[in-house]
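Each remark here refers to the structure printed beneath this line.
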Amino acid sequence: MKREYRADAQENEENEQVSLQELVSVGQLVALYTDDDEEEYYMLKVEKSMETLRIDTTDSWKSLLPAGTPVFRGLYYNKTNSPFQYRLVNRKAVVPAASVVYICSDVTANNVIRITEETHLNVLECINEIKC
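Quick note: the sequence shown uses full-length UniProt numbering, first residue 1, plus one each step.
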């Protein structure tokens with residue numbers, strides 16, 4: 001009887017896995033997958049919890065997302081000349097929730113941020129897993 005219970009408990013744990021997107025909180029810094037050839041990934045300060053668009057939406061960057069897309073709203077960061085340093089850009093962004101590849105929980109989302117090389121490599125590893 002115990003074995004059946006353990007198997008059932010393990011099956012329930014597998015069925016109740018939480019997606020990365022569900023772990024994102026307002027105020028956090030996240031890394032986003034991009035197909036931009038000039039950037040390895042984008043950084044976003046999350047300003048609103050995940051929502052599903054009710055209408056087609058265009059953000060300040062002229063990105064169009066169709067109704068029904070789960071998204072996060074926030075602000076992008078631009079890379080600076082210093083390695084692993086980014087500066088906040090005060091233009092609203094709407095991004096597909098599915099583009100979140102990494103939560104930078106060890107970084108406070110200030111106007112200027114610096115990530116560690118380890119965090120950078122972790123983000124790249126997550127992106128490579130998506131591409132494979």
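Here a beta-carbon is modelled for each residue, glycine too, at the ideal position from N, C-alpha and C. In this text the structure is predicted, and so the values were computed from the model without any measurement.
Taking a contact to mean a Cβ-Cβ separation below 8 Å, would you say residue i touches residue j in this structure?
i      : j     : result
THR116 : PHE72 : no
LEU75  : LYS48 : no
ASN43  : PRO70 : The question names Asn, but residue 43 in the sequence shown is Met. No. Outside cutoff.
VAL89  : ASN78 : yes
Rounded to whole angstroms, what's the CA-CA distance from residue i to residue j? Just pull it up for me.
i      : j      : result
LEU29  : VAL123 : 12 Å
ASP106 : ARG114 : 11 Å
LEU64  : LYS45  : 19 Å
SER19  : ALA97  : 10 Å
ARG87  : GLN17  : 34 Å
ASP59  : ILE130 : 25 Å
ASN128 : LEU121 : 10 Å
What three-state label does DSSP hand residue i in the structure shown?
i      : result
LEU44  : strand
LYS131 : helix
GLU39  : coil
Among residues of its own chain, excluding the 5 on either side of residue i, which ones have a beta-carbon nearer than 8 Å to its beta-carbon?
i      : result
ALA7   : With a pLDDT of only 40 at ALA7, under the threshold of 50, the placement of this residue in the model should not be trusted, and no figure is reported.
CYS126 : ALA31, VAL101, TYR102
PRO66  : LEU53, ASP56
Here's a check: name, in chain order, each residue in its chain whose Cβ is nearer than 7 Å to the Cβ of residue i, leaving out the five neighbours to either side.
i     : result
THR34 : TYR41, TYR42
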